[in-house]
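These protein sequences, in sequence, are chains A and B.
In this text, residue positions in the first sequence follow numbering that gives the first Met the number 0: the first is 0, and each later residue adds one.
In this text, residue positions in the second sequence follow numbering that gives the first Met the number 0: the first is 0, and each later residue adds one.
Heads up: the structure comes next, in structure tokens.
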Amino acid sequence: MTKRKTNKSIEELKKENLILETKVKHLINDLQLTREENEISTKNYFEIYSSMERKVEERTRQVEELQKQYQQAQRLESIGTLAGGIAHNFNNLLMGIQGNASLMLAEIHSGHPHFEKLKTIQKLVRNGSRLTRQLLGYAREGRYEIKAVSLNHLVRDTSDTFSTTRKEISIHRELDDELYAIEADQGQIEQVLLNLYVNAAEAMPQGGKLFLKTMNVTHEDMKDKCYKPKPGNYILFSLRDTGVGMDRGTMDRIFEPFFTSRGLGKGTGLGLASVYGTVKAHGGYIDVYSEKGQGATFKIYLPAIGMKPGKEKSEITDIMKGREMVLLVDDEDVVADVGDEMLKKLGYEVLVARSGKEAIKTYESKWNKIDLVILDMIMPDMNGGKVYDRIKEIKPHTKILLSSGYSIDGQAADIMERGCDGFIQKPFSMEVLSETIRKLFEKRDDRLS
Amino acid sequence: MTFEEERYEKISKIIGLVDQSEISSIQSVVSGVIDVINDPQSSAKDLKDIIEIDPPLTAKVLKVANSAYYYSLNKISEIQHAVIWIGFDVVKEIALSQKVCEVFEQDETVSGYSGRSLWKHSIAVALLGKMICRREFGERGENAYAAGLLHDIGIIVENQFLENEFIDILRKTEQEKINLSKAESEVLGYTHTDIGKMLTEHWSFPEELVVAIGNHHNPDKAPQEFSKFASTLYIADYLCQERGIGYSDAPYFDPVVFRGCLKRLDIKEYALDLIVKDMEQEISKMEGQGLFQYDKTKNQ
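Below, the structure is given as structure tokens:
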């Protein structure tokens, strides 16, 4: 019994042994292959890992670049706020000087010994005012007279004017006849163009070539830029000079106000800063490409509109008088006093209010006699916008002329959009004041007839 | 025209039809993966490029890679991640099987045959062929896997382009109790192995695969250098039919050829028993995971 069992066991054991041997062989083979596969997997893992690491490095670089650009934009922004504030106060001072000079001039004959000096004062004020306007341009303020304009037209006009003053620079134009119109403040865009020409000319003291080009593009064509343009049609104005060019460091700071690479006293350092501000205020983008010794290219993209530019009427500059009643609102004594006297000289009946509240009070009692309100934007107690709304509540058809040297958050533009009748930029001369007022009253007459 | 030439003409015509059909759409991916398998210099990136050019395939591969069958702990959302988490070789296999199965989607059963039952058979042969290579020979067996998947592609071609004849052939096998190849020879004058051979040749597959597919019913006739590979495929095919896994085109076994193969490869039957048992386990696990539900996922 035991023997039989043992015999069977030996046979079974032999068989089991064979199977176990096979199993071991199978396992060893499988293990060996798995180990090889593991090695390959590890190799793949490291390949993928290192390619990902490269991607991370690349992204990090991109983020750093964007951060740098953001800081740059922030710095420009804060300098802009500062510049705007300075311009505001400065404009009020200029307004006082301008006004007093205008008044004195009105009282003397051209033969008076002080006549020429007063004219010079006025000229200097105008120069000063141009400077503040550039500062305001940089601060992205004062974009008020918006209409459809043809950039080609402006480029032609300004470059013609410019070429007469710099004969050593030859200008080559390549303007797209089918160029879209843009919605812009013509004066500011002209200023942008002139500033760019002047900048280019300064880079080419020995003369050179200036290439001006316009063309239609879309946001798709601006894909490779570091900024993300809003979708839509744009017009591209590019300006290339053959001047000395600039290095990276200069290029980074070129749009900063008061930054100049041309040595102290040679430039104001405001030209390109105001270009930058104006382009931004018009919803556009500006790029600069340059290398030292290789000239520079500026590219400006401005949003296009689908309409044809309108025709400009010629301007009359004679002083025109009137007899209407004007309410002048300004919290700055200098401006209020000068404005008061100017208006009286022009024949108007004048009421002066030195704060928003006072303006409302005066208007409430004399609303049926007042023909026009000249309204300052920035006042400490109640700003121009609120006064505007209140006056329109009392009498919706009241003529209101906004006056400002500065505005916060585009308040002036906002009110203009709500249907305000006109805008006058401080400091203003008697001529400009009289003309603006007359135009305003003519507009009413048009509407009535 | 000799008999051989006539046969060649006939099959060439059919292959011309295949070229314009959906079947040929699997060629580029399948060839691509087979190239990756046979090129030691190829990398995971090559495989990724081949798969990702085919978005539906990419989706299918990721779905399979995320199934419980592969125990992946992380949600795999990219082929690259699949390569890391479940392995280069596994992704090759998934890509190959998911692509090849696209042409097996015919669910109607005629005389015991359906595209689905043939697919199950093909997967089983692929798996078993690979496992034999690994365990018995210590080889990776990736080509054996590919050969298993594709060895009966000739039947798919017949089903699609010789529809009436194919139904006659299937009826004949049932009524006369003969193997598919015999019925094919009688009705068509050639068999699905001839079609498979010419098609894979036409697709420029490696010779080893072409020979094994063309000789999977008669491995003895394969040239010496491919004899081992063809015999392995034969053994895998034979055992899957014997165990009744999926469709069987040769239910009337020829143990003589089988024993000849075992002898040639020096494999013991009990060793094969062990491997088959593991393979059956894998297949039922795959079925449990719904990995054969290709026709349903396709229609979704």
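By construction, the Cβ of each residue, glycine as well, lies at the ideal position given by its N, Cα and C atoms.
In its chain, beyond the 5 residues on either side, N232 have a beta carbon closer than 6 Å to the beta carbon of T217 of chain A. The shortest C-alpha to C-alpha distance from G206 of chain A to any of A:G242, A:E177 and A:I188 is the one to A:G242. Shown here, H111 of chain A sits in coil according to DSSP, grouped into three states, outside any helix or strand.
The three-state reading of DSSP puts P302 of chain A in strand, counting E and B together. By the Cβ-count criterion, Q70 of chain A is exposed, with fewer than 16 other Cβ atoms from all chains shown falling within 10 Å of its own Cβ. When B:E101, B:V102, B:A123 and B:R134 are compared, the shortest CA-CA separation from Y233 of chain B is found for B:A123.
In the DSSP assignment, Y284 of chain A falls within the beta strand (DSSP E) that extends over Y284 to S289.
Separation of the CB atoms of N215 of chain A and D175 of chain A is rounded to 6 Å, and the pair is thereby assigned contact status at 8 Å. For N43 of chain A, the residues of chain B that pass the 8 Å Cβ criterion are S42, A43, V82, I83 and F87, in the order they occur in the chain. Here the C-alpha atom of T397 of chain A lies approximately 11 Å from the C-alpha atom of D388 of chain A. When the five nearest sequence neighbours on each side are left out, the beta carbons in the same chain lying within less than 7 Å of the beta carbon of R239 of chain A are those of F210, G294 and T296, in order along the chain.
Look at G137 of chain B: its C-beta is under 8 Å from a C-beta on chain A.
By the C-beta criterion, the stretch 352-370 of chain A is judged not to be in contact with the stretch 419-435 of chain A, since fewer than 3 inter-stretch pairs fall below 8 Å.
DSSP places I168 of chain A in the strand class (E or B) of the three-state scheme.
The C-beta separation of H150 of chain B from I212 of chain B comes to about 5 Å, placing the pair in contact by the 8 Å criterion. Across the stretch 29-60 of chain A, CB contacts with chain B closer than 7 Å involve D29, Q31, L32, E36, I39, S40, N43, Y44, E46 and I47, in sequence order along the chain. Under the 8 Å criterion on CB atoms, R134 of chain B is classed as interfacial with respect to chain A. For the stretch 102-159 of chain B, not one full-length beta strand (DSSP E) segment reaches 3 residues or more. For the C-beta of A270 of chain B, the chain A residues within less than 7 Å are, from N- to C-terminus, T21. Pairing G283 of chain A with F440 of chain A gives a Cβ-Cβ distance that is not under 8 Å.
By the neighbour-count criterion, in which a residue is buried when 16 or more other Cβ atoms sit within 10 angstroms of its Cβ, N163 of chain B is exposed. The beta carbon of A202 of chain A is closer than 6 Å to those of D240, G242 and V243 in its chain, skipping five residues each way along the sequence.
DSSP lists A:S402 as the beta-bridge partner residues of D375 of chain A.
Q79 of chain B has a beta carbon lying within less than 8 Å of a beta carbon in chain A. For chain B, none of the residues of the stretch 217-228 of chain A brings a beta carbon within less than 7 Å of one of its beta carbons. Contact annotation: in the stretch 243-277 of chain B, residues whose CB is within less than 8 Å of a CB in chain A are K267, Y269, A270, L273 and I274.
The Cβ neighbour count for V255 of chain B, taken over all protein chains shown within 10 Å, is under 16; the residue is labelled exposed.
H171 of chain A has a beta carbon lying at 8 Å or more from every beta carbon in chain B. Distances from the CA of G418 of chain A to each of A:E10, A:K391, A:K343 and A:L193 were compared; the closest alpha carbon is that of A:K391. Following the DSSP letters along the chain, one finds S27 of chain B inside the alpha helix (DSSP H) bounded by residues Q26 to N37. The stretch 275-291 of chain A and the stretch 161-171 of chain A do not touch, with fewer than 3 CB-CB distances between them shorter than 8 Å.
Shown here for T108 of chain B: same chain residues with a beta carbon closer than 8 Å to its own, the five before and five after excluded, namely S116 in chain order.
Among the residues of chain B, none has a CB under 7 Å from the CB of L12 of chain A; the nearest is roughly 15 Å distant. C-alpha of P302 of chain A to C-alpha of P230 of chain A: approximately 9 Å in a straight line. As the crow flies, the alpha-carbon of S20 of chain B is around 31 Å from that of T231 of chain B. Residues N73 of the same chain have their beta carbon placed closer than 8 Å to that of H80 of chain B, with the five preceding and five following residues left out of the count.
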